[in-house]
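Each residue of the sequence shown is one higher than the one before, starting from 22 at the first, in the working numbering.
All C-beta atoms, glycine included, are put in the ideal place defined by N, C-alpha and C.
Remember, predicted model here, so these are calculated numbers, not experimental data.
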Amino acid sequence: MIEERYEPRREKETGRIEAFSDAVFAVAITLLVFSLQVPALEDPLTSEHLVRMLLQRWPSYLAFFISFATILIMWISHHAMFKLIDKSDTPFLFANGFLLLLVTTVPFPTQLVATYLTTPVAGVVCALYAGLFLMTNLVYNLLWWVAAHQSRLLKGSVSPMLIHTRSRYYALGAPCYLLALLLAFWSPGVSIGICSVLWLFWAFTTYERRPAREAYGNKGLNQRKKKDAMRGDVTMETGPE
C-alpha cells in the first residue's frame with residue numbers, strides 16, 4: 022500500500038500586506054466617482070440644456086478617467102511586484118504604507134482638476150496633480166529598492182536581469198512627472214497630456230513578456246518546471262543548473 026504524503030502549503034509572508042494594500046487601492050479607486058457630479062439645471066428643463074451642461078463637465082470625465090486608469094495600473098504593477106517578493110521587514114512595511122498614503126490622496130487633486138481645469142488657476146491644480154504622481158512614483162521606486170537591493174526580500178528564482186529591467190522601467194516615471202509638473206504652469210493641457218500618456222506606458226511595461234529563462238534564470242526555471250512536473254502539468258526537462 023502506497024502512503025501518500027502531503028506537505029502543508031506554506032503561507033506567503035506578504036499575504037496580509039497584499040490583502041491590506043488591495044483594500045486600500047479598492048477604496049481609493051471607488052472614491053474617484055465623487056469627482057463626477059450631476060449638473061444642476063435651471064428652468065426650463067430641456068434635453069438640449071441637459072446635454073450642454075453634461076458636455077461642459079468634460080474636465081470631470083477626463084480627470085476621473087486618468088486617475089482611475091493610473092490607480093488601476095498602479096495596482097496591477099503592485100501585484101506584479103509582489104509576485105517577485107517572498108519576505109518582508111519593517112522598512113518594507115513603512116515604504117508600502119507610505120505608498121498607500123499617497124494612493125488614498127489621489128481623489129483630492131482629481132476633484133481639483135475636475136473643478137478648475139478650465140479656469141485661470143488650472144496651472145496650479147495641474148501642478149498639484151502631477152506632483153502627487155511624482156511623489157507616488159518616487160515612493161514606488163523606494164518600495165522596489167527596499168525589496169530588490171541585494172535581492173533582500175525577493176524570491177531566489179528572480180534573475181538579476183529581471184531586477185535591472187524592472188528598476189529601469191520604474192525609474193522612468195519620475196522625470197516624466199517632474200516635466201509634467203513644471204509644464205503645468207505654462208500649459209496645463211500638456212501637463213495633463215503627459216499624465217495621460219504615462220499610464221499607457223505603465224500598462225505596456227508592467228507585464229512585459231520575457232523568455233522564462235531570462236526572467237528567472239536557469240536555476241529558477243528548473244525549480245518552476247519541477248513544481249509543474251510534480252503537479253503533472255509538464256514533463257521534466259530542466260536546463261543546466
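Residues Ala49 of the same chain have their beta carbon placed closer than 6 Å to that of threonine 125, with the five preceding and five following residues left out of the count.
The alpha carbon of phenylalanine 41 has as its nearest neighbour, out of Gln58, Leu114, Thr67 and Ser212, the alpha carbon of Leu114. DSSP, read as helix, strand or coil, puts leucine 75 in helix. Between leucine 75 and proline 65, the gap from beta carbon to beta carbon reaches 8 Å or more. One thing to note: leucine 57 has its Cβ no nearer than 8 Å to the Cβ of phenylalanine 89. Contact between the region 160 to 174 and the region 210 to 225 is absent: fewer than 3 CB-CB pairs across the two stretches fall below 8 Å. When DSSP states are grouped into helix, strand and coil, leucine 175 belongs to the strand group. When DSSP reads this structure, isoleucine 106 sits in a beta bridge with Leu175. Going by beta carbons, leucine 153 and proline 130 fall inside the 8 Å limit. When only Cα atoms are considered, valine 142 and valine 179 end up about 47 Å apart.
Burial is judged here by how many other beta carbons sit within 10 angstroms of a residue's own beta carbon; histidine 185 has fewer than 16 and is exposed. For glutamate 39, the uninterrupted alpha helix (DSSP H) run begins and ends at 36 to 52, by DSSP. A Cβ-Cβ separation of about 5 Å places lysine 108 in contact with glutamate 34 under the 8 Å criterion. Assigned with DSSP and collapsed to three states, serine 180 falls in coil, not helix or strand.
Put simply, of Arg187, His99 and Thr111 the residue whose alpha carbon is nearest the alpha carbon of alanine 47 is His99. Collapsing the DSSP output to three states places phenylalanine 115 in a helix. In the structure shown, serine 212 adopts helical secondary structure according to DSSP, grouped into three states.
The alpha carbon of alanine 135 has as its nearest neighbour, out of Val45, Asp43 and Pro209, the alpha carbon of Pro209. By the neighbour-count criterion, in which a residue is buried when 16 or more other Cβ atoms sit within 10 angstroms of its Cβ, proline 128 is buried. Straight-line measurement puts the Cα of tryptophan 165 at about 11 Å from the Cα of alanine 101. Look at glutamate 69 here: in three-state DSSP terms it is helix.
Between glycine 214 and asparagine 158, the C-beta gap is not smaller than 8 Å, which leaves the two residues out of contact. The beta-carbon separation of serine 217 and cysteine 147, rounded to 12 Å, does not stay under the 8 Å limit for a contact.
The three-state secondary structure of leucine 57, taken from DSSP, is coil.
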